[in-house]
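Asker:
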């Protein structure tokens, strides 16, 4: 199991657009076999940082999702929305594995 953590730097004047973008991706991750844990929007503190967490059974399964997402029409709509609104200024992606009992 691998959890993808994405830290977004967003335009603080476009939080509503970013929220719309986020809502596009939650079902898309599930469509490709992942489990989305949600997006987290600014509340207190920095007004330009948002987070996302989602899990895939393995890094290989995540890579299949990433590759397939570039061919999927719904994913392309989401990518285009972010580009047109410029709500995402930058992002960094990290992967984590859980420690469980």
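Numbering (the UniProt record's numbering), first residue to last: 1 to 101.
Glycine is no exception: its CB is placed at the ideal position from the N, C-alpha and C atoms.
1. Taking the beta carbon of residue 52 as the centre, do at least 16 other beta carbons fall within 10 Å, making it buried, or is it exposed?
2. Measure the C-alpha to C-alpha separation of residue 80 and residue 13 and round it to an integer number of angstroms.
3. Rounded C-beta distance between residue 18 and residue 88? I'm assuming under 8 angstroms.
4. Please go through the same chain and pick out, in chain order, the residues whose beta-carbon is closer than 6 angstroms to the beta-carbon of residue 92, but skip the five residues on each side of it.
5. Have a look at residue 25 and residue 31 and give me their C-alpha separation to the nearest angstrom.
6. Rounding to the nearest angstrom, what Cα-Cα distance links residue 61 and residue 15 in this structure?
Answerer: Taking the geometry as given:
1. Here residue 52 refers to the residue found at position 52 when the chain shown is read from its first residue. By the neighbour-count rule (16 or more Cβ atoms within 10 Å), residue 52 is buried.
2. On the chain shown, position 80 is the one that residue 80 refers to. On the chain shown, position 13 is the one that residue 13 refers to. Cα to Cα, the separation comes out at about 19 angstroms.
3. What you label residue 18 is simply residue 18 of the chain shown in a count that begins at 1. What you label residue 88 is simply residue 88 of the chain shown in a count that begins at 1. About 7 angstroms; that satisfies the 8 angstroms criterion.
4. As a first step, residue 92 is located in the chain shown; it is residue number 92 there, counting from the start. Answer for residue 92: 7, listed in chain order.
5. Counting from 1 along the chain shown, the entry for residue 25 is found at position 25. Counting from 1 along the chain shown, the entry for residue 31 is found at position 31. Rounded to the nearest angstrom, the two C-alpha atoms are 10 angstroms apart.
6. Along the chain shown, read from residue 1 onward, the residue named residue 61 stands at position 61. Along the chain shown, read from residue 1 onward, the residue named residue 15 stands at position 15. Near 30 angstroms, if we compare the C-alpha coordinates of residue 15 and residue 61.
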